[in-house]
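Asks: Under the numbering used here, think of the first position of the sequence shown as 14, with each following residue one higher.
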Amino acid sequence: MKRFISKNLLILVMGAVCLVLAWYSPKFITEGNLLNLIRRISAETVTAVGETLVILTGGIDLSVGSVAALSGVVSAKVMRDMPGAPVIVGILAGTLMGLVCGGINGGLVTKGKIPPFIATLGMMLAARGAAHLLTGGSRISGLPAGIDLLGGRPVDWLPLQQVSWFPFLVTLLFVALFAVVLSHTRFGRQVYAAGGNLVSARLSGVPVDKVRFAVYALCGALAGFAGVMIVARTGVGDPTMAEGMELDAIAACVVGGASLMGGEGGAFGALFGALIIGALINLCQLNGMSDEWQRIVVGTLIVVLVFFDNMRKRRSGKLID
């Protein structure tokens, strides 16, 4: 029990904070609010899983929000301009766009030897600009009704309560898939090894550059799919969507137990982190806080919790200055 508490301290503390705030906000536990919450955090969780893969290798991806926006508008444009095509074509187009962006990030980091912060910062600006160019700065509407289910929007053949759960169930499938990959496959072990001692990993035969390229590509693909989920939820392809998603994804990873040094974290941690961050923001909204104060509260709380978590690790000898 002591080991469990120590390993999941941030999740437990943030969860306790949410419970205290929920006590003062009776509207939080209503069915309508909870269904809206899980719909909203589904895309963020998918993005956080991808971000976790990158962070596990000691990297970071600042471009996931912009990549989600670009992928979302690509998906929306394909679905609007090809009305006779199956919806899956638009979904695949958006996901593929994310994969390409992630692959470029991976190439810049592994082949170009550009620091991840700089490489993904450049992609963040480029992808956002491309999204605006592709749409002319306006929204893409008139999408087929077949995409509504992925966003948890009403469809004729399912009750609203069941539809609202659908995007979250899709998210759980992604979380479970990558949890298995990280825990029970050779690739997963290589991801953790690449985030530890690089010299030891290379001496052990781990193809570090290939692993790092793969996680950036996967992160991009997941961000692309998340962008499609946002389009499905809102019904439009908006070049301004997903602004700040990269910060929410990183915050979810950290709260979920991932170490920015690499080598620590997992898919389920990303899920719990996204749930807690989403719940905290939702509670701030229910308590009448402005967007600015919401960010201040969440940001401050995360910094404070990570600070005390690092202090705990120093005492246990797991963190070296």
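Ideal placement from N, C-alpha and C gives every residue a C-beta, glycine not left out. In this text the structure is predicted, and so the values were computed from the model without any measurement.
1. Quick check for students: name the residue ranges of the alpha helix (DSSP H) that lie wholly in the stretch 32-97, counting only runs of 4 or more.
2. For I153, which of helix, strand or coil comes out of DSSP?
3. Could you check which residue in A89, G116, L112 has the C-alpha nearest to that of G103?
4. How about G275 and G201: are their beta carbons less than 7 Å apart?
5. Using a Cβ-Cβ distance cut-off of 7 Å, determine whether G201 contacts chain D.
6. Mapping DSSP to helix, strand and coil, what is G286?
7. Using CA coordinates, which residue listed in M302, Y229, L293, G237 is at the minimum distance from G71?
8. Just mark P39 as buried or exposed, buried being the case when its beta carbon has 16 or more other beta carbons within 10 Å.
9. Nearest-angstrom Cα distance between F320 and I73?
10. Given a cut-off of 7 Å on the beta-carbon distance, is the pair G78 and M258 in contact?
11. What residue from C266, L293, M136 has the CA that sits closest to V67's CA?
12. Is G279 helix, strand or coil by DSSP?
13. Under 8 Å: do the stretch 173-189 and the stretch 118-126 share three or more Cβ pairs, one atom per stretch?
14. Using the three-state DSSP reduction, which class does G218 fall into: helix, strand or coil?
15. To the nearest angstrom, report how far apart L69 and R52 are at their CA atoms.
16. Would you kindly work out how many angstroms separate the C-alpha atoms of S217 and T43, rounded to a whole number?
17. Expressed to the nearest angstrom, what Euclidean distance is found between the alpha-carbon atoms of G111 and F285?
18. Looking at C-beta atoms only, is the number of pairs between the stretch 29-36 and the stretch 158-166 that lie closer than 8 Å three or more?
19. Can you round the beta-carbon distance between L47 and G291 to whole angstroms, since I take them to be within the 8 Å contact cut?
Replies: The structure says:
1. Listed in chain order, the complete alpha helix (DSSP H) runs (minimum 4 residues) inside the stretch 32-97 are 44-69, 77-94.
2. strand
3. A89
4. Not in contact: G275 and G201 (Cβ atoms no closer than 7 Å).
5. Checking the listed chains, one finds no chain D in this structure; it contains a single protein chain.
6. helix
7. Of the residues M302, Y229, L293, G237, the one whose Cα lies closest to the Cα of G71 is Y229.
8. With fewer than 16 Cβ atoms within 10 Å of its Cβ, P39 is classed as exposed.
9. 19 Å
10. yes
11. Distances from the CA of V67 to each of C266, L293, M136 were compared; the closest alpha carbon is that of C266.
12. coil
13. Taking a cut-off of 8 Å for Cβ pairs, the stretch 173-189 and the stretch 118-126 do not touch, as fewer than three such pairs fall below it.
14. The answer is coil: DSSP assigns G218 none of H, G, I, E or B.
15. 27 Å
16. Taking the straight line from one Cα to the other gives about 53 Å.
17. Answer to the nearest angstrom: the Cα atoms are 24 Å apart.
18. no
19. That belief does not hold up - the Cβ atoms of L47 and G291 are roughly 11 Å apart, past 8 Å.
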